[in-house]
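Encoded as structure tokens, the structure appears first; notes follow it.
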Amino acid sequence: MIGMYREEDYLMLSGLQHFMFCRRQWALIHVEQQWAENERTVDGHLFHATAHDGSRFEKRGDILITRGLNIRSSSLGMTGICDVVEFHRSEKGVSLPDFAGTWQAYPVEYKKGLPKENDADLVQLCAQAICLEEMLLCEVPEGSLFYGESQRRLRVEFSEELRERVCAAAREMHRLWEQGYTPKVKPKKGCNACPLKEICIPGLGRSGTASVYIQKKLRED
Ligand code: SF4
Numbered sequence: 256m257i258g259m260y261r262e263e264d265y266l267m268l269s270g271l272q273h274f275m276f277c278r279r280q281w282a283l284i285h286v287e288q289q290w291a292e293n294e295r296t297v298d299g300h301l302f303h304a305t306a307h308d309g310s311r312f313e314k315r316g317d318i319l320i321t322r323g324l325n326i327r328s329s330s331l332g333m334t335g336i337c338d339v340v341e342f343h344r345s346e347k348g349v350s351l352p353d354f355a356g357t358w359q360a361y362p363v364e365y366k367k368g369l370p371k372e373n374d375a376d377l378v379q380l381c382a383q384a385i386c387l388e389e390m391l392l393c394e395v396p397e398g399s400l401f402y403g404e405s406q407r408r409l410r411v412e413f414s415e416e417l418r419e420r421v422c423a424a425a426r427e428m429h430r431l432w433e434q435g436y437t438p439k440v441k442p443k444k445g446c447n448a449c450p451l452k453e454i455c456i457p458g459l460g461r462s463g464t465a466s467v468y469i470q471k472k473l474r475e476d
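Heads up: the sequence shown begins at 256 in the working numbering, then just goes up one per residue.
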């Protein structure tokens with residue numbers, strides 16, 4: 256568990272996926288407020304718009320389904336929106352207004368593509384679970400990631416190790432945020448598909464600053 260943050264210091268929970276992929280990408284988007292949309296991210300937004308239809312509420316047998324639920328955690332210092340939270344009827348669950356019985360919260364996050372090589376999606380989903388636990392005063396032991404391309408659900412158990420990764424990432428994000436610091440370029444496999452590559456200039460990796468890079472390019476020309 257980390258310290259309690261003030262609401263004005265909350266960061267966007269959705270930034271966790273950027274941060275786990277590339278700290279610089281997260282800082283460019285969230286610290287420097289820069290953003291360059293490419294086709295990939297626009298597609299992602301459209302996919303999410305479908306999942307975030309807040310007007311829908313469904314009951315399917317012993318499962319209640321809510322969409323676009325606003326969530327927050329003062330221990331992580333984060334706020335965000337859950338694509339879908341299912342509430343499964345369970346003796347271990349909590350009471351909900353308008354529904355008899357007790358219900359176990361179960362977050363489901365929609366992703367457009369396939370499971371990633373890194374753990375960004377797992378960390379983001381686990382952060383949602385930590386928010387739900389704080390808000391509902393309950394335990395949320397597992398959830399699922401739904402991948403649009405394979406149309407499959409991947410069950411995720413929120414282990415202590417995964418929770419600690421979330422807390423460590425949140426601490427580091429707050430530290431960078433407070434310092435207003437953008438980590439330096441570390442070129443990686445994913446740079447080519449990165450929507451910020453034009454801003455970031457992956458070729459900066461060795462030369463250090465934008466002006467050095469531009470001068471080097473001018474000499475080459
Ligand atoms: S281009 Fe590469 S280093 Fe730069 S922000 Fe994107 S992923 Fe990170």
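Here a beta-carbon is modelled for each residue, glycine too, at the ideal position from N, C-alpha and C.
- Between the C-alpha atoms of I284 and Q272 there is a straight-line separation of about 12 Å.
- Rounded to the nearest whole angstrom, the CA to CA distance from E394 to R279 is 33 Å.
- Taken in chain order, the unbroken stretches of beta strand (DSSP E) that lie wholly in the stretch 318–371 and span 3 residues or more are 318–328, 333–351, 354–366.
- Rounded to the nearest whole angstrom, the CA to CA distance from F274 to S350 is 35 Å.
- What you get when you keep residues with a C-beta closer than 7 Å to any heavy atom of ligand 1 is F276, C277, R279, Q280, L283, V440, K441, P442, K443, G445, C446, C449, L451, K452, C455, P457.
- Taking 8 Å as the cut-off, the Cβ atoms of F276 and A423 do not count as close.
- Closest in alpha carbon position to P396, among L266, E404, M390, I385, is I385.
- Per DSSP, reduced to three states, the secondary structure at R278 is helical.
- One alpha carbon belongs to K371, the other to S345, and they sit about 31 Å apart.
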